[in-house]
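Protein chains: 2
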Amino acid sequence: MRTVQEHLAACLAAVGPLPPLEVVLPDAVGCILAEDVLATSDLPVADLAATDGYAVRAADIAGARPDAPVTLRVIDELRAGAVDPIHLVPGTAVRIASGAPLPTAADAVVPIEQTDFGQATVAVRTASVEGENVRRRAEDLRAGEVVLPAGERVGARQVALLAAAGRGRVAVHPRPRVVIVSVGDELVEPGRRAEPGQVYDANGHALATAVQDAGAATYRVAAVPDARRELRETLEDQLVRADLVLTTGGLSYGGNDTVKEVLAPLGTVRFDNVAMWPGRQLGVGHVGDGTPIFALPGDPVAVQVAYETFVRPALRAMAGYADLYRDSVPAAVTDGWYSPSGRREFVRVHVTGSPAEGYRAAPVGAPASLLVSALARSNALAVVPEDVTDVRAGDRLHCLLLDS
Amino acid sequence: MRTVQEHLAACLAAVGPLPPLEVVLPDAVGCILAEDVLATSDLPVADLAATDGYAVRAADIAGARPDAPVTLRVIDELRAGAVDPIHLVPGTAVRIASGAPLPTAADAVVPIEQTDFGQATVAVRTASVEGENVRRRAEDLRAGEVVLPAGERVGARQVALLAAAGRGRVAVHPRPRVVIVSVGDELVEPGRRAEPGQVYDANGHALATAVQDAGAATYRVAAVPDARRELRETLEDQLVRADLVLTTGGLSYGGNDTVKEVLAPLGTVRFDNVAMWPGRQLGVGHVGDGTPIFALPGDPVAVQVAYETFVRPALRAMAGYADLYRDSVPAAVTDGWYSPSGRREFVRVHVTGSPAEGYRAAPVGAPASLLVSALARSNALAVVPEDVTDVRAGDRLHCLLLDS
Chain A
1 MRTVQEHLAA CLAAVGPLPP LEVVLPDAVG CILAEDVLAT SDLPVADLAA
51 TDGYAVRAAD IAGARPDAPV TLRVIDELRA GAVDPIHLVP GTAVRIASGA
101 PLPTAADAVV PIEQTDFGQA TVAVRTASVE GENVRRRAED LRAGEVVLPA
151 GERVGARQVA LLAAAGRGRV AVHPRPRVVI VSVGDELVEP GRRAEPGQVY
201 DANGHALATA VQDAGAATYR VAAVPDARRE LRETLEDQLV RADLVLTTGG
251 LSYGGNDTVK EVLAPLGTVR FDNVAMWPGR QLGVGHVGDG TPIFALPGDP
301 VAVQVAYETF VRPALRAMAG YADLYRDSVP AAVTDGWYSP SGRREFVRVH
351 VTGSPAEGYR AAPVGAPASL LVSALARSNA LAVVPEDVTD VRAGDRLHCL
401 LLDS
Chain B
1001 MRTVQEHLAA CLAAVGPLPP LEVVLPDAVG CILAEDVLAT SDLPVADLAA
1051 TDGYAVRAAD IAGARPDAPV TLRVIDELRA GAVDPIHLVP GTAVRIASGA
1101 PLPTAADAVV PIEQTDFGQA TVAVRTASVE GENVRRRAED LRAGEVVLPA
1151 GERVGARQVA LLAAAGRGRV AVHPRPRVVI VSVGDELVEP GRRAEPGQVY
1201 DANGHALATA VQDAGAATYR VAAVPDARRE LRETLEDQLV RADLVLTTGG
1251 LSYGGNDTVK EVLAPLGTVR FDNVAMWPGR QLGVGHVGDG TPIFALPGDP
1301 VAVQVAYETF VRPALRAMAG YADLYRDSVP AAVTDGWYSP SGRREFVRVH
1351 VTGSPAEGYR AAPVGAPASL LVSALARSNA LAVVPEDVTD VRAGDRLHCL
1401 LLDS
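Top line first, the protein sequences correspond to chains A and B.
According to this note's numbering, the first sequence is numbered sequentially starting from 1.
According to this note's numbering, the second sequence is numbered sequentially starting from 1001.
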């Protein structure tokens, strides 16, 4: 029997950060940068007006007061985006829009509300100091400076900076493309009619959602029956677009070992009884030309536990994240239960509280029953160590926060 | 001058939860349920084997011990998905796969590893109690029961439950469709060559990313020049697919009031000088047949502050969330600064710490400078109240956590 830690190590060893790919900015969103992005020019490239008003020489209006305004001749007007240089001669002003480049020899901008809004001449009512209301060239970025380092996630604020620096493309670790195959004769697509004995394919939809939440792209394949030829053909069809294949079900170690039998000739996949509950039978390895594959159980609760324990950390490693794991907090359980000996148990709980006052974890549903309804109402998984069989009210367990 | 609170109230009054729409399960992901979802049948619909093994009558193997196994005749085999009912006569067993419906009159499943794996007959080495390794009919959901209540967000665990309950479609508040228009003669698309005086359109890309992060769908329109006809045509073209329109820039209260002039005949949009920094000029109202529109400033830092303050809460209201706001924490600032009088200031800070030990907020870049590089390196906005002009090191400010 393999430990959880050993199986996780095998899963992480089977994958690695996807090779850098240069993509257009919108496709970089949510990805991890695979390069130190350098500024190719200063930002701003010139001194700019920081407000609407009049570009002046501060020395010309040194004596301006509300009761003694200084009047300057307005020699021109500059809108944002103006590209022709203007030179400011002493005693004059240029009407200027916020964001427009300052005329040469101007060193301050008087906000429009401190003037009489003049057209041919303008009366300035307050003095300015040099640099006032001016956005200095390169005050944001200097050419050659690192805009954002490799390893940074590209979110809205990072996109603002990359775009402002003029980058239309950046190198990122692309989103992993994950193919999901649910295996089982009993599976029916939700929304269709199920005969007694059939069950709806919860795993395909739930895994696709979880994989997307981790920032990966999912290709869900409809459920395939427990038939060797169909499963083999499905896998061969899908491999071309997969960075990772996930199968659920088809792993009974009694009768129908479809997944094991199909994968044996297609690649090198190792199956183990892993010391966890729910879970047990799990597979990891490669198929085709080295595409990683994880074989997960068929039970929907066991699948989400296996996703949290093995798949999500692997997806984050592929996407280039340094931090692979969810936040967890220690929480006192509100009720006790018996936990299987020699297996690490993951129990659906609802965690409340705060670090200041401490956390409490209430089991949702009976811990021994694998209820999907309890899974949906939980917000954390309490982790019971392998050697603990008797969990008592008040015991503190590490709880994995599922919405973190 | 309007307060931040007044402008936020106007923004929220201009929108509302989008009307419920029935969508297929994959399209419901990330949305808020607009109906109480009821179970249409029991889950499971029948008693099922919870493990691979042999379905038995517990009474038949009451005396089984490792040194005195009980032998039963194997009368059939049941795979998962089997739909034909089987009746178990006393003294017999049915080989059964995990997930298969129990034969009538069977009341327990003996795990395969507690037997000799027999085909025609099976030797059972341990006794069972009634119900052992059986997943009881309706133990997860009872027909008519509320599976998930309206107001719940559809994530991976909720999808598992909806799919398991057979729901192929659910009613949700759909994702808001947001059209984003950047206005300005000076704007150039990132990746193209910028002349001196031109600036790259950071707002379109950054807003599109922020809007997506909030779960909405974005239609970014390339930057349009500060020209009335082009802006009007762009708005008229885009209205048909918009639940909300956002404009950035074109709001100078000096010269080029393109946005104001274009919007005046198209709808009822009110422009105000809002008592905040960065920000100032902001608009809110409706265009066309009542599509809400928010006019935001042109500066990229001011745009992200306006997004956090007004747009994100409005998007969450449209998407049906009850909780509209990001988490915030009180944090002691590491350095002081002068803050404008009579305006609520939002300063880019990097927050560290924990609730237990307290939080610290270090300003990123000079608070008075609107640096995109500082925005990208910050993880929070410190909020300085309107009446505070002198922030000192050690003062505690509320900080909006931007990654929460």
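Quick reminder that beta carbons are idealized off the backbone N, C-alpha and C, glycines included.
Predicted model, so just to flag it, every value in this text is computed and none were measured.
Short CB-CB distance (under 8 Å) between residue i and chain A
i, result
"B:E1139", "yes"
"B:Q1423", "As shown, chain B starts at 1001 and ends at 1404. That puts residue 1423 of chain B outside it, with no answer to give."
"B:D1185", "yes"
"B:Q1198", "yes"
"B:A1194", "yes"
"B:T1389", "no"
"B:R1057", "no"
"B:R1175", "no"
"B:V1262", "no"
"B:G1394", "no"
"B:R1002", "no"
"B:V1083", "yes"
Buried or exposed by the 16-neighbour rule on C-beta atoms within 10 Å, applied to residue i
i, result
"B:R1193", "exposed"
"A:L404", "Inspection of the sequence shows that residue 404 of chain A is occupied by Ser rather than by Leu. Exposed, by the Cβ-count rule."
"A:F117", "exposed"
"B:R1057", "buried"
"A:Q119", "exposed"
"A:R157", "buried"
"B:S1098", "buried"
"A:D323", "exposed"
"A:M1", "exposed"
"A:D67", "exposed"
"B:P1149", "exposed"
Beta-carbon proximity of residue i to residue j, cut-off 8 Å
i, j, result
"B:L1025", "B:A1202", "no"
"B:V1391", "B:V1333", "yes"
"A:L235", "A:E308", "no"
"B:G1184", "A:A80", "yes"
"B:G1279", "B:V1305", "yes"
"B:V1094", "B:A1106", "yes"
"B:G1016", "B:I1112", "no"
"A:A405", "A:L43", "As shown, chain A starts at 1 and ends at 404. That puts residue 405 of chain A outside it, with no answer to give."
"A:V372", "B:D1140", "yes"
"B:P1355", "A:S328", "no"
"A:A14", "A:V179", "no"
"A:A49", "A:V134", "yes"
"B:A1082", "A:G197", "yes"
"B:P1174", "B:L1021", "yes"
"B:V1287", "B:L1263", "yes"
"B:A1064", "B:R1125", "yes"
"B:P1101", "B:A1046", "yes"
"B:V1172", "B:I1032", "yes"
"A:G298", "A:T248", "yes"
"A:R344", "A:V364", "no"
"B:D1084", "A:G155", "no"
Contact with chain B by residue i, beta-carbon distance below 8 Å
i, result
"A:Q304", "yes"
"A:E345", "no"
"A:V372", "yes"
"A:R326", "no"
"A:Q212", "yes"
"A:S369", "yes"
"A:S339", "no"
"A:S128", "no"
"A:S354", "yes"
"A:D201", "yes"
"A:L102", "no"
"A:A68", "no"
Task: Inter-stretch contact (C-beta, 8 Å, three-pair minimum) for the region 1198-1211 of chain B and the region 1220-1237 of chain B - done: Judged by Cβ distances under 8 Å, the region 1198-1211 of chain B makes contact with the region 1220-1237 of chain B, as three or more pairs qualify.
TODO: Taking 8 Å as the threshold, find out whether the region 1022-1038 of chain B comes into contact with the region 1354-1372 of chain B through three or more Cβ pairs.
DONE: no
Task: Contact between the region 1125-1134 of chain B and the region 1001-1020 of chain B (3+ Cβ pairs under 8 Å) - done: Contact fails: fewer than three Cβ-Cβ distances are below 8 Å.
TODO: Taking 8 Å as the threshold, find out whether the region 379-393 of chain A comes into contact with the region 343-354 of chain A through three or more Cβ pairs.
DONE: yes
Task: Touch test, the region 1223-1230 of chain B against the region 60-78 of chain A, Cβ-Cβ under 8 Å, three pairs minimum - done: Segments in contact, no.
Open item on the list: Just to confirm the assignment: which complete alpha helix (DSSP H) runs, minimum length 4, are found wholly within the region 255-321 of chain A?
Closed with: List check, alpha helix (DSSP H) in window: 258-266, 300-306, 312-318.
- [ ] Tell me the start and end of each unbroken beta strand (DSSP E) in the region 1104-1165 of chain B that is at least 3 residues and wholly inside, in chain order.
- [x] 1108-1111, 1121-1124, 1146-1148
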